[in-house]
Ligand code: ADP
Ligand code: ZN
Ligand code: ZN
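In our numbering, the protein residues as written are 252 to 1063.
Okay, here's the thing in structure tokens:
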């Protein structure tokens, strides 16, 4: 017989907890249900049942009882629980931390603890001390919130006395729980049951305003296709109708008032558009995908930018519509997908939902419920949407699969939504379509090894060739030169402006200048919390740290040698914008970066302004590279191409190729072939060649050779351990101890400890240890050993005010 429940709490705890189930709750207990359980001496916390047991290894006296089961139906199904467990194991993150990430905050509850007198217990005043008597007096004959007593007598004292009173059964405890999710209710009007419309219209002959309301209501009712239509008052008010006339009709009992639940999300109307007819090449690719799905679960659609991958996704989705299942459409960043969501909603209407961590807790909970009860079939979402309660997933589309936004850096679990969703699809027996113009090397490697299948689209839909590439040599530009753009670049921009075309300038740095340096002694202002230079932001007139966000006063002179000769080194989007504005007076220029897109609608406005040609030039960071389809752009400029591949990272060339292909892909998407200008001091011939001819094969082949030689992914798996601490000496010493213990792991390459390029962030020093696992089959056993080792060190680290962070398959 079931007697025990294993509980996961959504807290960063490394273990699960066993509780006994009181008889009254036995029939209600099911995995996936939320429960109320005591955790620690005084706390009561919400957790989730992960499994039920008949026996337990723990001693009876050490086991506590569950207090209550909150859910009627499980909040998580077994597939979700399995998925959470897998993420925890694979990414070496505590299961509680994964649950904390997976659970929508709307599912958290507010717990209030109440105290009541136990009326059946004999009450003998002499048995109680002063405080106890006062507590009993306060409770009197009602119930009282424990918080009030804690406030009155102080936490420590009050808790002790309350515990005593509970133990000798003088008082009883009860809990009040409240969901933090609240549906969005609005007042509406509903036509009374026994109303004859003809009659009432006639009666109101001299009251055109009231008549008007009834007619409008009937009109809206017809559109809504429901009999007992409740029309939200704000909706009817939109039709030039006054609130007082509505009130009169309510008084006359023509309408009754009623509350209805209104969605917090845009109501996509019924489908407006048909799907586009596919081109011959697209049709072939589509058929190839469908055929490949018969043999393999994962297919890569590798399509050149502008080849119309979206149309193929749409065709695939619409073909699956007649079936039962749900479709998850993963995108790297929701804010950048307005164009996509508009297109999808025009075709799939209300079957579509959008899910992103940018939503507030109620908005997210609503989508969660819609997915759970199968009302929504197509979910467009960012990485966190892999945790949604899918009933029956049949397809996952992962657009721009190479994009690093799929990886979560902080906090744990440091999961990659692309890889995790491939596992998720296995649990649902669903298919996965990866799409990109520039596959990650890992995905590409899986294709050439026939783990995945590859389907290619080699031409742009418009049949226009990819942009021409012009490299502009900036090696002769003086380092202190204040012009960012070479004269050739400027004349080319001017030419396009004259033709009425649009231009995108890409620089992956925000702010004005990344470094301000002393001409005499090379000193530069650094952040006091982090080991990085400060970036000058002209709009704020401050020096800003891009790691901790601290804002600092502008340095007037050098701190070391007191010289006033401080020079701007390099440039960010702000400075580019300034230079273009002075060069092309009267031209409207927009900037798209982290700083200009903070508010909810600012990004949408930039996109729509550029789309409707209210501006001619768009300057931006990597945001501008992501999937936009602006018809008017014929020129893209990368003023500092060298910066893209000079990053100290084994993936730097792959990343450089990916981002420049994406940027280039924004140009010449309609009728005219576009151009891309690369300003460079020292061109990487091979990358430029590959860009020009979209010849992925050669570049990837060479990259793979290099990765193999140095045993980098995809030929090995990497686990990165970062230790962090405020005291460098202590950190260094415990990190060395950890490192020495790991050296005994067999067959594994351990590199480090290494002080990273940026050695301090937010006042914490950092040290890295890299673990390279050569063989996939060793992955699990290595993780197990690693985990044991790290657990042994946790306490030592804690004592030394240091932490250990584990990142499996890191990308930085
Ligand atoms: P990708 O995502 O591969 O870069 P898109 O899906 O954005 O390309 O398509 C590029 C452009 O071509 C878009 O404006 C799109 O509407 C258009 N397009 C692609 N395929 C078709 C089609 N079959 N019919 C009509 N327009 C298409
Ligand atoms: Zn100086
Ligand atoms: Zn800082």
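Backbone N, C-alpha and C define an ideal beta-carbon position, used for all residues, glycine too.
DSSP links residue 485 through a beta bridge to no other residue. Contact between residue 497 and residue 487 holds, with the beta-carbon distance rounding to 7 angstroms and staying under 8 angstroms. With distances taken between CA atoms, residue 624 lies nearest to 577 out of 587, 583 and 577. With respect to the 7 angstroms criterion, residue 432 and residue 616 are classified as neighbours on the basis of their beta carbons. In this structure, residue 1036 has its beta carbon at no less than 6 angstroms from each heavy atom of ligand 3. Here residue 758 is buried: its Cβ has 16 or more other Cβ atoms, across all protein chains shown, within 10 Å. Counting only the Cα atoms, residue 667 lies some 8 angstroms from residue 1060. One thing to note: residue 285 has its Cβ within 7 angstroms of the Cβ of residue 299.
Burial state of residue 738 is exposed, judged by a 10 Å Cβ sphere holding fewer than 16 other Cβ atoms. Assignment of residue 328 by DSSP, reduced to helix, strand and coil, places it in the coil class. In this model, residue 875 and residue 847 are separated by some 13 angstroms (Cα to Cα). Our two residues, residue 332 and residue 573, have alpha carbons roughly 29 angstroms apart in a direct line. With the criterion CB distance below 6 angstroms from any heavy atom of ligand 3, the matching residues run 778, 780, 781, 796, 798, 799 and 801 along the chain. With fewer than three CB-CB distances shorter than 8 angstroms, the stretch 1014-1023 does not count as touching the stretch 1039-1050. Closest in alpha carbon position to residue 404, among 389, 417, 599 and 276, is 389.
Under DSSP, residue 1021 forms a beta bridge with 971 and 1002. Look at residue 833: its beta carbon is at least 6 angstroms from all of the heavy atoms in ligand 2. At a threshold of 6 angstroms, residue 525 does not count as near ligand 1, since its beta carbon sits no closer than that to any of the ligand's heavy atoms.
Short note on residue 771: C-beta closer than 6 angstroms to some heavy atom of ligand 2. In this structure, residue 915 sits near residue 718, with a CB-CB distance shorter than 7 angstroms. Residue 581 is bridged by DSSP to 632 and 649. Burial is judged here by how many other beta carbons sit within 10 angstroms of a residue's own beta carbon; residue 708 has at least 16 and is buried. In the DSSP annotation of this structure, the continuous segment of the alpha helix (DSSP H) that includes residue 410 starts and ends at 406-418. The alpha-carbon separation between residue 1013 and residue 1054 amounts to approximately 14 angstroms.
A Cβ-Cβ distance of about 40 angstroms is found for the pair residue 564 and residue 469, leaving them out of contact under the 8 angstroms criterion. Closest in alpha carbon position to residue 891, among 591, 966 and 722, is 722. Restricting attention to 257, 304, 318 and 305, the CA atom closest to the CA of residue 275 is found in 318.
Taking the Cα positions, residue 1047 is about 23 angstroms away from residue 1007.
Only exposed fits residue 845, as fewer than 16 other CB atoms lie within 10 angstroms of its CB.
Within 10 angstroms of the beta-carbon of residue 493 lie fewer than 16 other beta-carbons, which makes it exposed. DSSP places residue 843 in the strand class (E or B) of the three-state scheme.
Under DSSP, residue 720 shares a beta bridge with 927. 7 angstroms or more divides the Cβ of residue 589 from the Cβ of residue 607. Runs of the beta strand (DSSP E) spanning 3 or more residues and lying entirely within the stretch 321-368 occur at 360-368, in chain order. Between residue 763 and residue 693, the C-beta gap is not smaller than 7 angstroms, which leaves the two residues out of contact. DSSP assignment within the stretch 729-779 yields the following whole beta strand (DSSP E) runs of 3 residues or more, N-terminal first: 753-757 and 766-769.
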